Amino acid sequence: GESVGLHLPTLSVQEGDNSIINCAYSNSASDYFIWYKQESGKGPQFIIDIRSNMDKRQGQRVTVLLNKTVKHLSLQIAATQPGDSAVYFCAESGGQAGTALIFGKGTTLSVSS
Amino acid sequence: DAGVIQSPRHEVTEMGQEVTLRCKPISGHNSLFWYRQTMMRGLELLIYFNNNVPIDDSGMPEDRFSAKMPNASFSTLKIQPSEPRDSAVYFCASSLDRSGYTFGSGTRLTVV
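The following block contains the structure:
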């Protein structure tokens, strides 16, 4: 079936380190991808997105890489801070999903100072 | 912009009761989505609307669940009768076509 998954359920890093969160997707027809951050008790918050005509996009301290050949997405966070501690989700859209976003199960990022 | 507004934030109800969750999307957005989040199943798409028309309700778990969008600024998700396994956080999100996806703060539903 179509699904979006993450390689690791938890990731622990030290403050100041760079973090890399990975995501594998199975729907080759997906053409739009978003990374979300969810803090406890809150809704998912948009971090960065990328469309399938790109393989890299940078934001403030974050970079998303897309490898369509192996259907892999990653989120890189530079100089990770304690405030980055949260659950991170990748989501895909396109193909049979239409305009809807289909989410993976999430990776919990823990940043220790 | 006030963002996507959901109400109530918390709902505790007894098994068998009807529950109605409400959502006000961002003004100008033409797509609205209902998701359910649990520890076991993560974020599941229940149903979504484009221009107030239901497009895909294949994620609605049972006939006990129904959703409406009578106009561009309001949607409801109803569970009747509610069961303890319906306990979850329900999120509403809206977008303009395939951009600007924004989530509300969610409704935490507890059915006892």
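The listed protein sequences correspond, in order, to chains F and B.
Heads up: take any position in the first sequence, counting from 1, add 1286, and you land on our numbering.
Heads up: take any position in the second sequence, counting from 1, add 1, and you land on our numbering.
Ideal Cβ positions, reconstructed from N, Cα and C, are used throughout, including at glycine.
Note that the structure is a prediction, hence the values are computed from the model and not measured.
B/R109 is bridged by DSSP to B/H11 and B/V90.
Contact between F/L1352 and F/F1389 fails: their C-beta atoms lie close to 17 Å from each other, not under 8 Å. At a beta-carbon threshold of 9 Å, the residues of chain B lying near F/Y1318 are R99 and S100, ordered along the chain. Non-local C-beta neighbours of B/K69 in its own chain, meaning closer than 6 Å and more than five positions away in sequence, comprise T77, ordered along the chain. Beta bridge pairing from DSSP links B/D57 with B/Y49. The Cβ atoms of F/V1348 and F/I1336 lie no closer than 8 Å to each other. Taking a contact as a CB-CB distance under 8 Å, the pair F/S1338 and F/D1370 does not count as one, their CB atoms being some 27 Å apart. Here the segment 1292-1309 of chain F does not lie against the segment 76-93 of chain B, with fewer than 3 beta-carbon pairs under 8 Å apart. Contact check between the segment 35-51 of chain B and the segment 59-66 of chain B: three or more CB pairs, one atom from each, fall below 8 Å, which counts as touching.
By the 16-neighbour rule on beta-carbons within 10 angstroms, B/H30 is buried.
Chain-ordered, the chain F residues with CB closer than 7 Å to the CB of B/S32 read T1385.
Within the segment 1335-1363 of chain F, the runs of beta strand (DSSP E) at least 3 residues long that lie entirely inside it are, in chain order, 1342-1344, 1348-1353 and 1358-1363. Beta bridge pairing from DSSP links F/N1308 with F/S1360. Where B/R23 is concerned, the enclosing beta strand (DSSP E) starts and stops at V20 to K25. Annotated three-state conformation of F/G1392 is coil, per DSSP. Annotation for B/Q81: no beta strand (DSSP E) segment contains it, and DSSP assigns it neither H nor E. In this structure, the alpha-carbon of B/Y91 lies about 30 Å from that of F/V1299.
Rounded to the nearest whole angstrom, the C-alpha separation of B/N52 and F/V1350 is 31 Å.
Contact of F/G1345 with chain B is not assigned, every C-beta pair being separated by 8 Å or more. Inter-residue distance for B/D87 and B/T111 is about 8 Å (C-alpha atoms, whole angstroms). When rounded, the separation of the alpha-carbon atoms in B/Q18 and F/P1330 is 29 Å. From the beta-carbon of F/I1388, the residues of chain B found nearer than 8 Å are L46. The C-alpha of B/F104 lies about 25 Å from the C-alpha of F/M1340.
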